[in-house]
Each structure stands twice: as C-alpha cells, then as structure tokens.
Amino acid sequence: MMIHRPADHCGLLKLWFVSPQFYYRIFPTCKGLRSRNKRSLLQFFCRRSFAKCVVSPPSVPLPRNQVHIWLSSVSKHKAESLFNILSLEEKRKCEQFLSSENRDTFIVGRGVIRTALSKYLKNCEPEDITLETLEGGKPVFIGDDASIPKISFSLSHTKELCALAVSCDGEIGIDVENKNRQVKRYLDLAKKYFAESELSWLLRQPSHKQRESFLCIWTLKESFVKATGEGIAKGSLKSFQLDTEALDKRLQSLYKLVVGNYSRPNLQYLLLDTIDTVFIAVSTTCPQVEKVVCLDMEGNCDDIAIDASEEVCQVCRDEANRAKYTCPCCGVRTCSVPCVRTHKEQTGCTGKRDKTKFVSMAQYTEETFYNDYTFLEEVHRASSAATAQLQRSKDEQKNWFYIRKKNKLLERKAKQSNISICFLPRVFTKARCNQSVYSVKQQCIFWSLRLVFPYVTLVWQLPRVSENETLKQLLENILQPLAPLSGNEQQVRLQRVYSKYDVEELQVYFVLEKRTSSDDKSLLKCDVNCCLQQILQGKVVVEFPTMVVLLPFEDMESIGNNNNNTTTHD
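The sequence shown: position 108 = 108 (full-length UniProt numbering), numbered continuously.
Listed below in structure tokens is the structure:
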C-alpha cells in the first residue's frame, strides 16, 4: 500500500516550529534535544509512526466479475530488484537452487505475487505479506484481519515470462505456454489425456497447426487443474472436455471456452492470445467474467471486455441459445425461464441479490455505494410503514372497544323490540359501512338502510334513519322532493323515473338475508305506511336492513337480472 509522505516532512516540521507543544505531546522523546537532533528524530517518527496514519486507498481496485493478469519479464535484473521484498525463508530457499535461471524465476514469481497483492490490500507493503506453500507447491496468502478481502491467485511462468492471475470470485488457475515449444509425439499425448471431442477437433486441424492447437488445449487443461486442485492423472484430464467449437470464435483477441461433462459446470476458460509467442490460459469459477485486465509491474494496464451478448447459456449449454438473463444472486447466465428454474433447482439458488453481503473496501465501487443507499432507503420505508401500521392497529383497537359497546347497546334495545341483529367481523365491507346506533337522548334506534332500485341499477345507502319514520315518508324525501329535479346526479335519475308514480303504488320488499334452506321466500313485501320498527319486528337483521323498491309494472324476476349490474351510492 502506498503511503502519502510529505517531501522531507517539511510541512510537519513547520508545524513543530509553530506549535512545539503539539509535538512534545505526541513525541515526548524530542523534548530536551537540540534543534538539529529534534529534526532528525522527528523525521524518524514521521516515517515510522505518523506516516502510517495517512493511508491512501488501494492503487488497483479489484471489482467483482473481473480477472486481473499481472505480467512480468524474467531476467537477472528483475530478480535483483525484487530480491529485497522476499521473506527470510524465501531468501534461504533461493540459495538452494543450482541453476541461476531457476533462481531468478523463483524470485520474480514471489516478487510479482507480493507486489500485486500489496496493491489490493489496505496498508500493506510487499514485504509484510505472509505466504505459505501447500503440499503441491502452490503459494497461498495468509491473513488474520477480517477486513482483508478474499483473494484467489495463481502463478505460472516460462523462461521469459511470469504471469499471475488474481480474482475475488472463487478459485482461479492460470497457465502460460510458449507457442514455439517443440513437443515430441504430441498426438500420443492427446490420445492419452484428451477427451474424444477434443481429439477429433485436433485431428481436423491442418497439419501445420496441430502442434499449436495441441498446446492450446493442453494449456487450458493445466489451468483447469490449478483452479480445481486436481492432479494431472490419466483419468482426471479426460473427466471433463472443452467446447471445441468455441476455439474457432475470437472475441476481441479473447477465446471463451465452456466446460461440459464435469461435476462443477460453472467454470469458464479464457485463452488470451494477446502476446505473439505465448498462450495464456485462465480457468475460474467466477460465474460471469465481464472484463480481463492485463497489468505489468510498471502500472500499465490493458482492459479486454467480454461481449455478454455472445455468451452461451450456462445451464443448457446450447450453442444456439445465447444468454439473456443474469442471476442477481450468483451471476449465472441463462437463456430462458426454464433454464432459470433448472438453475435454481440444481443449485438451490434463491435468485435474489444478497443486499447485506460483505464487501471489502478494496472491492467497494460506486455501484456498491448506490446499492447500499437503496437498501437503507428500503429499510427506512419498511420502518415507517411498520410504525404507521402499528399506529393504525392501536387506533382500531381503541375504536373496537367503542364499537363493541355501541353494538351491545344496539343489540339489547333491538331485542326489546323483538328484532335480532347479527354483526359481521370488521373485515367485511358491510360491517364497516354500518352506522346504526341507539340514541339515548331520543330513546330510539337510528338504522343504516340500504335501498335497491333495480330498474335504474342503483343502490342508495342512507346512513341513519329513525325507526319511527315510515317508508312512505322516507321515499317521498328521496323520490319527490319539494324542488323538482333537485339533489345530486343519482337522485335526479331516481326522480325522473319514480316521481311519475305515487309512493303507495311502489312495491317495497325486505331482504331476508339470514334464512334456512327450507325458506322459499328471500323477499318479504312491506307496507309503506308502516314504520321501520313495525317492519323489522320478528326479523333477523345482518348489520342493517336492506330493501328493494320496484315500480308497479316490475315483477320479482327482474330483480335477479338487474341486481348484478347495480351502481352503489353512499
């Protein structure tokens, strides 16, 4: 990690002359020394203590769905420049090499690993990185800090080139091979280690390109072995096969290969042909590689983007089906809804983006920032909605006690008049529309009344009607007001039709809502000269009474035909 240090620490030393007590408080050792000694000691402390507090972000970010490839030449001069950043154990191991070429290759390889990883880790110098070697000789990074991102890397080299592949999405393997390498009996090796489709593809190539095609497939298979950790045995290389048709398709100097017939299908093979004399093959478990970044030790980089529109579906692996959808959870590319369902069934993937997944600062991008901001907004909206719902529940609970008390009084007074009332749960619309109440002051019940007019397909809801009011008085107030054609639009419609007839000529029926199966009648004819109390005596009322008003020429059959297309007016 690069540390921002002022040149010769002049700015910090100027502050010492302005406010020496500040530095005496931080560096008590400086007190009592001469000015020249104070300057030297302050420079030492600034390098060792204060400078470590001023840290720059990682010089090279490592976003998801990207593969970084670090390239370096192998030479004696390069080995001498990287020797000082090696650990003591690595320096002792260098003394064991008999060949100077092998020694330089080892130094450059470890130096490239330390230099590259220091670009991704926070406040970490190349010499501070701890590397351990596994049984197979593969170096791995050891970090105790939980904030350190999980970085997978793989190293490969030739006599002239050293390559390091780095990714933060699963395992990765890399292999480099010289195109001019002479391989004896390469067809025998292909028959021994290649799958049948790979061997047939190799034999179809022109004779002058078979050796180079063999090196191409062999490099890809070695990168696969490094990514999965399997050895190069006789049967392991035949347990999987490459999509040989993809070898003939070039995407911006990049070959993309798809693995088949293997227990871990979500593997991608990338063959870089950017260097004239070397094949660079990369295998990764990253579900979707969007970009390959090639870097050198001087900081120069070259981005190679992969066209997502040319990707093959990673579930059905049909060359004719191009991938259209990307799984928000794991990034697997699919071509259709059946493939999406198959992917979820086989892998158990939820298909939903993990909004709380840990993202290290080395991988934190602007897109991640906006995702976090959106997530916090969703949490705020959910919290506000829950608070409002809780308040509504409290208000409804308070109103429920009032409604229960009101209904009990109404039920008791109606029972005294030989009227039975059935109350519905509050979730029903009719229960919420009921405004019937017993007036203690007037000593009577005020009913909510629903009047149905089938001829004009209209339902009129009256909030409160006194039980002492007759039907004749009620209908006259609605149908025959003092001012002709007065009231709202619905009342005008009624007046135009029903005002032509006398109220006593109209037919009024009470709707029997709660009845047994033996009852044939659902409507009971009422006398318009009777009050509501007389009409409802001996009846069962569900929440409030409902009545149907018919014209003189209407019959009972027209009620069922027109009642389905009725407009409600409250």
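In this text, a Cβ means the ideal position worked out from N, Cα and C, and glycines have one as well. Model, not experiment: these values are computed from the prediction.
Here's the rule I'm using: 16 or more other beta-carbon atoms within 10 Å means buried, otherwise exposed. How should residue i be labelled?
i, result
"residue 250", "With a pLDDT of only 41 at residue 250, under the threshold of 50, the placement of this residue in the model should not be trusted; the figure read from the coordinates follows. Exposed: under 16 other Cβ atoms inside 10 Å."
"residue 165", "buried"
"residue 553", "exposed"
"residue 208", "exposed"
"residue 405", "exposed"
"residue 467", "buried"
"residue 422", "exposed"
"residue 142", "exposed"
"residue 454", "buried"
"residue 414", "buried"
"residue 77", "exposed"
"residue 283", "buried"
"residue 375", "exposed"
"residue 150", "exposed"
Among the options, which one has its Cα closest to the Cα of residue i?
i, options, result
"residue 342", "97, 359, 354 and 317", "317"
"residue 70", "323, 94, 420 and 176", "176"
"residue 480", "199, 466 and 496", "496"
"residue 288", "503, 65 and 151", "65"
"residue 105", "324, 80 and 293", "80"
"residue 461", "493, 500, 522 and 546", "546"
"residue 74", "494, 108 and 84", "108"
"residue 278", "206, 472, 331 and 162", "162"
"residue 356", "348, 381 and 369", "369"
"residue 503", "490, 472, 494 and 532", "472"
"residue 226", "193, 174 and 184", "174"
"residue 194", "178, 371 and 219", "219"
"residue 294", "72, 532 and 373", "72"
"residue 350", "366, 329 and 337", "329"
Got a sec, what are the start and stop residues for the alpha helix (DSSP H) residue i sits in?
i, result
"residue 107", "100-120"
"residue 188", "186-193"
"residue 492", "489-498"
"residue 197", "196-204"
"residue 479", "471-479"
"residue 337", "337-347"
"residue 534", "532-536"
"residue 91", "88-94"
Hey, could you find the ends of the beta strand (DSSP E) residue i is sitting in?
i, result
"residue 421", "420-422"
"residue 230", "Premise fails: residue 230 is in no beta strand (DSSP E) and is neither H nor E."
"residue 73", "66-73"
"residue 168", "Per DSSP, residue 168 belongs to no beta strand (DSSP E) and is neither H nor E."
"residue 365", "Where residue 365 is concerned, there is no enclosing beta strand (DSSP E), given that its DSSP letter is neither H nor E."
"residue 283", "278-284"
"residue 81", "It is not in any beta strand (DSSP E) - residue 81 instead sits in the alpha helix (DSSP H) that spans 76-82."
"residue 445", "444-453"
"residue 291", "291-296"
Would you report the Cα separation of residue i and residue j, rounded to the nearest angstrom?
i, j, result
"residue 167", "residue 100", "31 Å"
"residue 449", "residue 543", "10 Å"
"residue 508", "residue 527", "7 Å"
"residue 296", "residue 122", "20 Å"
"residue 510", "residue 392", "37 Å"
"residue 346", "residue 62", "30 Å"
"residue 512", "residue 411", "18 Å"
"residue 525", "residue 429", "26 Å"
"residue 379", "residue 125", "39 Å"
"residue 212", "residue 180", "8 Å"
"residue 57", "residue 387", "Bear in mind that the predicted position of residue 57 carries a pLDDT of just 39, short of 50, making it too unreliable to give a figure here."
"residue 377", "residue 67", "32 Å"
"residue 401", "residue 385", "25 Å"
"residue 431", "residue 541", "12 Å"
"residue 119", "residue 113", "10 Å"
"residue 94", "residue 103", "6 Å"
"residue 2", "residue 83", "Note that residue 2 scores a pLDDT of 34, beneath 50, so its modelled location is shaky; the value from the coordinates is reported in the next line. Their backbone Cα atoms lie some 19 Å apart in a straight line."
"residue 146", "residue 157", "Caution applies to residue 146, whose pLDDT of 49 falls short of 50 and renders its modelled position unreliable; the value that the coordinates give is listed next. Spanning the two alpha carbons is a distance of roughly 31 Å."
"residue 196", "residue 352", "39 Å"
Going by the C-beta, is residue i closer than 7 Å to any heavy atom of the ligand GTP?
i, result
"residue 179", "The model on display carries no ligand, and the ligand GTP is accordingly not part of it."
What distance in whole Å lies between the Cβ atoms of residue j and residue i, which are believed to be in contact at a cut-off of 8 Å?
i, j, result
"residue 537", "residue 419", "6 Å"
"residue 127", "residue 140", "The Cβ separation is near 18 Å, so there is no contact."
"residue 198", "residue 268", "Not really, about 17 Å apart at Cβ, beyond 8 Å."
"residue 203", "residue 214", "The pair is not a contact, with the Cβ atoms about 11 Å apart (cut-off 8 Å)."
"residue 323", "residue 333", "4 Å"
"residue 501", "residue 551", "7 Å"
"residue 470", "residue 529", "6 Å"
"residue 111", "residue 286", "About 26 Å separates the two Cβ atoms, so there is no contact after all."
"residue 456", "residue 494", "6 Å"
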